[in-house]
Amino acid sequence: MNESRLELRTVNVIRYVTPLREGGSLPAIIDADDGFLYVLKFRGAGQGVKALIAELICGEIARALGLHVPEIVFAALDPAYGRTEPDEEIQDLLKASAGLNLALHYLSGAITYDPVVNDIDEKLASQIVWLDNLITNVDRTALNTNMLIWHQELWLIDHGAALYFHHAWQNVATQGARPFVQIKDHVLLPYASELDAVNEAYKAILTPERIREIVALVPDEWLTADISNTASAEEKRQIYIHFLETRLSLSNQFVQEIKYARNALI
1 MNESRLELRT VNVIRYVTPL REGGSLPAII DADDGFLYVL KFRGAGQGVK ALIAELICGE
61 IARALGLHVP EIVFAALDPA YGRTEPDEEI QDLLKASAGL NLALHYLSGA ITYDPVVNDI
121 DEKLASQIVW LDNLITNVDR TALNTNMLIW HQELWLIDHG AALYFHHAWQ NVATQGARPF
181 VQIKDHVLLP YASELDAVNE AYKAILTPER IREIVALVPD EWLTADISNT ASAEEKRQIY
241 IHFLETRLSL SNQFVQEIKY ARNALI
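Written out as structure tokens, the structure reads:
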């Protein structure tokens, strides 16, 4: 992995506590050897390491922009860990996920953001909409907001469905320039009235150096695990960088498209 000024901690999984919900990703609450609870995203579930890569890159971009994201850590799972698990499905998942996984600090007592109940500042709404357009996050809708209220602040979670271009690796060179039409379904779009100011501020933060530092955090073993693309780890890393830099270079155009979607909605 390339050197970076950014660094993630690594913890060891010591206990599987409980699954969070049913579904392809099957995240779970786990105990780690640092004494904290985490939400573990398994490399052996659903979209595998691609979901972990998206979670890592997008979560750290959000953090760089000053948004609240639970601490992201690497979580090491011993190959023998699943042998004593009585649930066969969980046992299979644990065995398939031996090695390096991803986990986020568990926000105990947090409640799901509900646009009907919870007010939101229009600047914050604009920041989140801008972020999700950048990372092509399809998973922040009224049906699944992927936002939590914790200690009276809004926290962003679950970015595994973002950067969906990497599930096909087709026309990669042009993927970043495509409008993100799914932004019309964003739960915060009606409140995103300060996109121009956010756009200028966020472009200044996400310098090429910052993007490279964040992408450099992705372990080589995750990048090479995808056998559908035979490029090297460094070549794939450059693809992610190019995708993000392309979208940043077109952010003025994208902001106008978001405005059109918002005007059609309100």
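Heads up, the sequence shown stops at 266 in UniProt numbering, and the numbers go up one at a time, no gaps. For each residue, glycine too, the CB sits at the ideal point set by N, CA and C. Since the model is a prediction, treat every value here as computed from it, not as a measurement.
Residue from the options with nearest C-alpha to residue i
i: Leu131; options: Glu209, Leu163, Thr112; result: Leu163
i: Asn144; options: Ala64, Tyr81, Val73, Leu156; result: Leu156
i: His167; options: Asp196, Glu85, Asp226, Val17; result: Asp226
i: Leu102; options: Arg212, Glu257, Ile90, Gly44; result: Gly44
i: Ala96; options: Tyr240, Leu77, Leu104; result: Leu77
i: Val117; options: Gln91, Ile53, Ile149, Ile128; result: Ile149
i: Asn229; options: Ile29, Lys41, Lys50; result: Lys50
i: Ile57; options: Arg178, Ile29, Tyr106, Ile211; result: Ile211
i: Asn133; options: Pro70, Thr246, Tyr113, Asp119; result: Thr246
i: Asn12; options: Thr18, Asp34, Ala28, Ile29; result: Asp34
i: Leu104; options: Glu89, Ala32, Ile258, Trp169; result: Ala32
i: Gln182; options: Thr207, Thr141, Ala125, Phe165; result: Thr141
i: Ala231; options: Trp169, Gln91, Val138; result: Trp169
i: Gln253; options: Pro115, Gln175, Pro179, Lys184; result: Pro179
i: Glu89; options: Asp139, Ala28, Leu195; result: Ala28
i: Ala125; options: Arg237, Gln175, Val198, Ala161; result: Val198
Burial state of residue i (16 or more Cβ within 10 Å)
i: Asn171; result: exposed
i: Thr136; result: buried
i: His186; result: buried
i: Gln152; result: exposed
i: Leu265; result: exposed
i: Asn2; result: With a pLDDT of 41 at Asn2, under the threshold of 50, the modelled position of that residue is not reliable, and the figure given next carries that caveat. By the 10 Å Cβ count, Asn2 comes out exposed.
i: Glu55; result: buried
i: Gly59; result: buried
i: Ser108; result: exposed
i: Ser249; result: exposed
i: Asn263; result: exposed
i: Tyr260; result: exposed
i: Ser4; result: Low per-residue confidence applies at Ser4: pLDDT is 45, beneath 50, and the placement is therefore not dependable, though the value from the model is reported in the following sentence. That one is exposed.
i: Ala173; result: exposed
For residue i, the three-state DSSP class (helix, strand or coil)
i: His159; result: coil
i: Met1; result: Interpretation of Met1 is limited by its pLDDT of 37, a score under 50 that renders its predicted location unreliable; the figure taken from the coordinates is listed afterwards. Met1: coil per DSSP, three-state reduction.
i: Glu153; result: strand
i: Phe165; result: helix
i: Arg43; result: coil
i: Leu56; result: helix
i: Pro115; result: coil
i: Arg178; result: coil
i: Arg15; result: strand
i: Leu93; result: helix
i: Ile183; result: helix
i: Leu195; result: helix
i: Val69; result: coil
i: Ala28; result: strand
i: Tyr106; result: coil
Under 9 angstroms between C-beta atoms of residue i and residue j
i: residue 267; j: Gly46; result: Limits of the chain in this structure are 1 at one end and 266 at the other, which puts residue 267 out of reach.
i: His159; j: Ala75; result: no
i: Tyr16; j: Val73; result: no
i: Tyr81; j: Phe36; result: no
i: Leu244; j: Ile53; result: no
i: Ile205; j: Leu8; result: no
i: Leu93; j: Phe42; result: yes
i: Glu122; j: Ala201; result: no
i: Ile214; j: Leu6; result: yes
i: Leu217; j: Gln127; result: no
i: Ser251; j: Lys203; result: yes
i: Val129; j: Leu189; result: yes
Short CB-CB distance (under 9 angstroms) between residue i and chain C
i: Thr10; result: Absence of chain C from the displayed structure is noted, only one protein chain being present.
key: Runs of alpha helix (DSSP H) lying entirely within the region 206-263, each at least 4 residues, in chain order   = 208-215, 220-224, 233-249
query = Fully enclosed by the region 123-153, which alpha helix (DSSP H) runs are 4 residues long or longer?
reply = none
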